[in-house]
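Notes follow the structure.
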Amino acid sequence: TGARLPPIDEQVIAMKLVTPAKGTIEISKEKDPELFYLARCGLGGLGVVAEVTLQCVDRQELVEHTVVSTMDEIKKNHK
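Residues 75 to 153 in this note's numbering are what the sequence shown lists, from first letter to last.
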């Protein structure tokens, strides 16, 4: 993720779940918005994720910045 790049869960536009109670179900924002929202970040808690449809985004170049600080420096600079 980045300033202009959404996290992967926001790129999911539909999914197919296999559940013990309802068998295989297809969900999306249109079909079942509440369950879809929960399933995107459910880590498999609502069923086995069998298929995912992603909204592709343009390639992004991400840059990592690493800063090493002591606790005293962090406390001093914390606003």
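C-beta: ideal position from N, C-alpha, C; glycine also. Computed from a prediction, not measured in an experiment: that's the story for all the values here.
Checklist entry - Along the chain, where does the beta strand (DSSP E) that runs through residue 88 open and close? => result Judged by DSSP secondary structure, residue 88 falls within the beta strand (DSSP E) whose first and last residues are 86-93.
Checklist entry - With a cut-off of 8 Å, do at least 3 Cβ pairs link the segment 112-124 to the segment 143-152? => result Remark: fewer than three beta-carbon pairs, one from each stretch, lie closer than 8 Å, so the segment 112-124 and the segment 143-152 are not flagged as touching.
Checklist entry - For the beta strand (DSSP E) that contains residue 100, what are its first and last residues? => result Segment 97-102, the beta strand (DSSP E) holding residue 100.
Next on the checklist: Can you find the residues in the same chain that come closer than 6 Å, C-beta to C-beta, to residue 127, ignoring five residues on each side of it along the sequence?
Outcome noted: Cβ within range, chain order: 87, 88.
Item to check | Minimum length 3: unbroken beta strand (DSSP E) runs contained in the segment 96-143 | outcome: Runs of the beta strand (DSSP E) inside the segment 96-143: 97-102, 122-128.
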